[in-house]
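K.L.:
Position 520 of the sequence shown, counting from 1, maps to 520 under full-length UniProt numbering, and the rest follow consecutively. Backbone N, C-alpha and C define an ideal beta-carbon position, used for all residues, glycine too. This one's a predicted model, so the numbers in the text were calculated from it and none came from an experiment.
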Amino acid sequence: MGKRRRATERKKVHPVVLGGAAVAIVCGVGVTAYAVVGNGGSGRDGDEKSVATGPPTAAEVRTTARAFLAAWEKGDAAGAAALTDDRESALTALTSYRKDARISEVRLTPVKQTARKGAKVPFKAAATVSYGGKKKPYAYETALTVVRRAADGRTLVDWRPTVLHPELRPGDRLVTGAAGVPPIKAVDRDGAPLTAAKYPSLGTVLDGLREKFGKEAGGKAGVELRVVRAEPEQGGNGKDGKDGEGSSAKKSDAEDTPDKTLLDLSPGTPGTLRTTISARTQAAAEKETAKRKQASVVVVKPSTGEILAVANSNPGGFNTAMQGSLAPGSTMKVITASMLLEKDLAGVDKKHPCPKYETYGGWKFQNDNKFKIKGGTFRASFARSCNTAFISQAKELKNDDLTRQAQDVFGLGRDNWSVGVPTFDGAVPVQSHAQMAASLIGQGGVRMNPLNMASVAATVESGTFRQPYLVAPDLDGRKLATAPRKMSSRTVSDLRDLMHFTGVSGTAAEPMRGLGSDSGAKTGSAEVDNQKKPNGWFTAYRGDVAAAAVVQAGGHGGDTAGPVVRAMLLAGR
1 MGKRRRATER KKVHPVVLGG AAVAIVCGVG VTAYAVVGNG GSGRDGDEKS VATGPPTAAE
61 VRTTARAFLA AWEKGDAAGA AALTDDRESA LTALTSYRKD ARISEVRLTP VKQTARKGAK
121 VPFKAAATVS YGGKKKPYAY ETALTVVRRA ADGRTLVDWR PTVLHPELRP GDRLVTGAAG
181 VPPIKAVDRD GAPLTAAKYP SLGTVLDGLR EKFGKEAGGK AGVELRVVRA EPEQGGNGKD
241 GKDGEGSSAK KSDAEDTPDK TLLDLSPGTP GTLRTTISAR TQAAAEKETA KRKQASVVVV
301 KPSTGEILAV ANSNPGGFNT AMQGSLAPGS TMKVITASML LEKDLAGVDK KHPCPKYETY
361 GGWKFQNDNK FKIKGGTFRA SFARSCNTAF ISQAKELKND DLTRQAQDVF GLGRDNWSVG
421 VPTFDGAVPV QSHAQMAASL IGQGGVRMNP LNMASVAATV ESGTFRQPYL VAPDLDGRKL
481 ATAPRKMSSR TVSDLRDLMH FTGVSGTAAE PMRGLGSDSG AKTGSAEVDN QKKPNGWFTA
541 YRGDVAAAAV VQAGGHGGDT AGPVVRAMLL AGR
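Right under this line is the structure:
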């Protein structure tokens with residue numbers, strides 16, 4: 001019985017988030033149930049013990065929370081760690097909190113809530129950071145969760161890095177000391193200041209720019225408390241911090257997030273760093289993404305590759321706009337169409353099949369609402385986003401044709417972009433059978449983000465791939481990525497024709513209404529497993545401005561991401 005109990009000690013059940021007022025923690029009243037354990041539960045042995053089950057009660061949450069916070073406050077790392085469900089990790093983190101982060105005089109106070117929001121109540125941490133004779137107060141807010149351990153019914157703090165500080169992720173550390181990189185004063189293309197306070201979505205971007213260009217900008221490093229991110233796993237290419245695989249947004253999140261300054265004890269002297277961002281366009285991007293849940297957008301200048309704006313609905317979270325790894329849905333058909341045109345498997349005004357269904361590799365593909373076009377042209381199929389019109393050509397293609405087109409013409413999936421901050425550069429893996437066919441319509445293994453798809457629209461508008469970037473390459477002498485070949489002028493003209501028609505008479509007509517003859521667009525909806533609504537995509541250009549957006553779980557791209565891109569095309573310069 002002892003071995004079984006030890007084996008189950010790490011199981012976490014019935015989470016209840018700690019919190020409450022300074023005197024009493026506000027929680028719902030739970031009911032504690034008991035299960036009799038012993039030799040088969042027969043009731044014959046006198047040493048049977050009752051083990052509590054079910055969610056922790058309000059009293060248990062209060063007692064566990066107070067004990068943990070009290071131990072943490074007085075610097076008893078071992079005592080506080082013993083009150084968690086991961087004693088070893090908690091002890092390491094709490095010890096480092098005092099030793100490496102130089103944080104002392106800690107006061108932890110639960111925040112009083114006027115109304116209960118589930119079982120979660122945050123608490124405040126107020127402390128002093130000291131280094132080299134310098135001291136400064138530091139305060140922040142976070143929360144913790146109390147759980148019941150199944151093995152013995154004991155209530156413990158559910159240990160995770162965010163208990164210590166909300167910015168921490170697994171493997172991260174808090175460190176106070178001389179900054180390795182000088183601070184920067186970032187400005188937009190016209191010299192206007194760019195700050196995370198004014199443009200929240202630029203927070204992680206500015207952190208990344210400092211990490212990359214702080215020394216080149218000419219500033220002087222100071223002393224600071226900062227989050228030092230976990231070291232990337234071996235095998236990465238080291239390019240702008242990328243891992244070299246580009247197959248997982250989660251991995252990028254863990255490895256490509258730059259260190260973050262939390263407190264300046266001695267701020268140092270910032271160097272001025274001019275970026276390609278347009279403050280006006282960035283403000284519009286912030287406004288549009290703030291209106292929506294899980295929206296991300298990027299705006300680029302086709303003639304140069306300069307990035308004019310980047311924004312996400314959750315500014316402090318993962319930078320999906322530049323590091324996301326999502327199926328792009330039918331926006332991928334821009335790349336596929338370029339390939340079919342070059343191979344003479346399609347012509348703008350040639351007859352092209354768009355049946356209700358098309359089977360390939362054992363999979364049966366269909367169009368949205370199972371529509372079909374009788375006797376239609378490729379122009380009509382592209383404008384209405386007919387899936388089967390593209391799947392029908394799979395039998396004429398080699399497994400690596402789409403991969404080569406994406407890499408050689410659009411510069412995607414080569415892991416060689418030098419944007420200035422970590423990015424995911426798209427992925428179009430070589431696939432076969434049904435997965436190859438699915439890739440033609442932006443499903444299967446294809447993965448993109450708004451930066452990638454804005455670049456696709458920009459390539460169509462300019463006729464040439466120009467790698468997007470945030471800081472001019474002459475600052476540090478880096479070389480921008482190039483594509484091995486260009487599309488023929490005829491293919492470029494045909495693609496512009498298809499995208500313009502889609503923006504006038506196709507699925508993109510409403511968002512593109514009135515934007516003029518030098519514009520074009522493509523919508524997309526990407527199905528995601530266990531998600532009720534698809535991710536909505538939209539990519540478009542207007543003159544020398546190109547943009548792409550995704551609204552995750554938003555539905556059809558024209559309805560969700562389309563208005564975001566329209567606003568960018570109107571605001572862009």
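#1: Using 8 Å for Cβ pairs, my map puts L108 next to L164. What's the rounded Cβ distance?
#2: Quick one: give me the first and last residue of the beta strand (DSSP E) that Y138 is part of.
#3: By Cβ distance below 6 Å, which residues in the same chain neighbour E296 in space, the five residues on each side in sequence not counted?
#4: Residue range of the alpha helix (DSSP H) that A503 falls in?
#5: With DSSP collapsed to three states, give me the class of Y469.
#6: If G520 and G503 are in contact, beta carbons under 8 Å, what's the gap, nearest whole angstrom?
#7: Identify whether G554 lies in helix, strand or coil by the three-state DSSP scheme.
#8: Check whether the stretch 202-218 and the stretch 418-425 are in contact - that is, three or more C-beta pairs closer than 8 Å.
#9: So the candidates are V310, G317, G554 and R447; which of them puts its Cα closest to the Cα of L470?
#10: Checking the sheet assignment: what are the DSSP bridge partners for F123?
#11: Is V157 closer than 8 Å to T84 when the C-beta atoms are compared?
#12: Here's a check: name, in chain order, each residue in its chain whose Cβ is nearer than 6 Å to the Cβ of Q407, leaving out the five neighbours to either side.
#13: Measuring CA to CA, which of A567, K364, G171 and L262 is closest to P355?
#14: For F318 and A509, what's the separation of their Cα atoms in angstroms?
#15: Excluding sequence positions up to five away, which residues of its chain have a Cβ less than 8 Å from the Cβ of A127?
#16: State the CB to CB distance for the pair T336 and L440, rounded to an integer number of angstroms; the pair is presumed to be in contact (CB under 8 Å).
#17: Please list, in chain order, all residues of the same chain as residue 574 whose beta carbon is under 6 Å from its beta carbon, the five residues on each side excluded.
#18: Can you give me the Cβ contacts of A90 inside the same chain, cut-off strictly under 6 Å, excluding the 5 residues immediately before and after it?
#19: Would the beta-carbon of G506 fall within 8 Å of that of P534?
#20: Closest to Q467 by C-alpha separation, out of N452, M339 and R148, would be which residue?
#21: Is it a yes or a no for the stretch 259-269 touching the stretch 173-189, going by three-plus beta-carbon pairs under 8 Å?
#22: To which residues of the same chain is Q366 closer than 6 Å at the C-beta, ignoring the five residues directly before and after it?
#23: Strictly by DSSP, which residues pair up with R226?
#24: In the DSSP assignment, find the beta strand (DSSP E) that holds N312 and state where it starts and stops.
#25: Considering Cα atoms alone, identify which of G79, D518 and E461 is closest to G305.
#26: Between the Cα of A546 and those of M499, C386, L174 and W72, spot the shortest distance and give me the residue it belongs to.
#27: Give, in chain order, every unbroken run of the alpha helix (DSSP H) that is at least 4 residues long and sits entirely within the stretch 339-397.
#28: Do F501 and A483 have their C-beta atoms within less than 8 Å of each other?
#29: Quick one: what's got a C-beta closer than 6 Å to R274's C-beta in the same chain, skipping five residues either side?
#30: Sort Y97, A380 and Y360 by Cα distance to residue 574 and report the nearest one.
#31: Spatial neighbours of S201 within its chain, please: C-beta separation below 6 Å, excluding the five flanking residues on both sides.
#32: Mapping the DSSP letters down to three states, classify G572 as helix, strand or coil.
#33: If we ignore side chains and look at the alpha-carbon of each, how far apart do G324 and K112 end up?
#34: Does F68 come out as helix, strand or coil in the three-state DSSP assignment?
#35: Is R169 helix, strand or coil by DSSP?
#36: I need the DSSP call for V430, collapsed to helix, strand or coil.
P.N.:
This is what the structure holds:
#1: Between L108 and L164, the beta carbon gap of about 11 Å keeps them out of contact (Cβ cut-off 8 Å).
#2: Run containing Y138: K134 to T142, per the beta strand (DSSP E) assignment.
#3: Before going further, note that residue 296 is Ser rather than Glu in the sequence given. Excluding sequence neighbours, S296 sits near N312, T320, A321, P450 and V550.
#4: For clarity, residue 503 is Gly in the given sequence; the question names Ala instead. Unbroken alpha helix (DSSP H) run through G503: S489 to S505.
#5: In this structure, Y469 counts as strand in the three-state DSSP scheme.
#6: The Cβ separation is near 5 Å, so the contact holds.
#7: Looking at G554 - three-state DSSP - the assignment turns out to be coil, as it is neither helix nor strand.
#8: Yes: the two stretches touch, three or more of their Cβ pairs being nearer than 8 Å.
#9: Measuring from the Cα of L470, the nearest candidate turns out to be V310.
#10: Beta-bridge analysis with DSSP links F123 to P110 and T142.
#11: Yes, the Cβ-Cβ distance between T84 and V157 is below 8 Å.
#12: So the qualifying residues of the chain are G413 and R414.
#13: Nearest C-alpha to P355: K364.
#14: The alpha-carbon atoms of F318 and A509 are separated by roughly 31 Å.
#15: Counting only residues of its own chain and dropping the five nearest sequence neighbours on each side, A127 has a CB closer than 8 Å to the CB of I103, S104, E105, V106, R107, P137, Y138 and A139.
#16: About 5 Å separates the two Cβ atoms, so the contact holds.
#17: This structure leaves residue 574 out entirely; the chain is present only between 1 and 573.
#18: If you ignore the 5 residues before and after A90, its C-beta comes within less than 6 Å of the C-beta of A81, T84 and W159, all in its own chain and listed in chain order.
#19: No, Cβ-Cβ distance for G506 and P534 is not below 8 Å.
#20: Of N452, M339 and R148, the smallest CA-CA separation from Q467 is found for N452.
#21: Below 8 Å, enough C-beta pairs join the stretch 259-269 and the stretch 173-189 to call them touching: three or more.
#22: Hits under 6 Å: Y357.
#23: For R226, DSSP records a beta bridge to V175 and T261.
#24: Boundaries of the beta strand (DSSP E) harbouring N312: I307 to N312, taken from the DSSP string.
#25: Closest option to G305, Cα to Cα, is E461.
#26: Ranked by Cα distance from A546, the options M499, C386, L174 and W72 are led by M499.
#27: 378-384 and 387-391, all fully within the stretch 339-397.
#28: No; because the gap between Cβ atoms is not below 8 Å, this pair is not in contact.
#29: The answer, listed in chain order, is V187.
#30: Missing from the structure shown is residue 574; the chain here goes from 1 to 573 and no further.
#31: Closer than 6 Å at the Cβ level, and outside the excluded window around S201, lie E286, A311, N312 and P315.
#32: The answer is coil: DSSP assigns G572 none of H, G, I, E or B.
#33: Approximately 37 Å, taken between the alpha carbons.
#34: Here DSSP, grouped into helix, strand and coil, assigns F68 to helix.
#35: In the structure shown, the three-state DSSP call for R169 is coil.
#36: The answer is coil: DSSP assigns V430 none of H, G, I, E or B.
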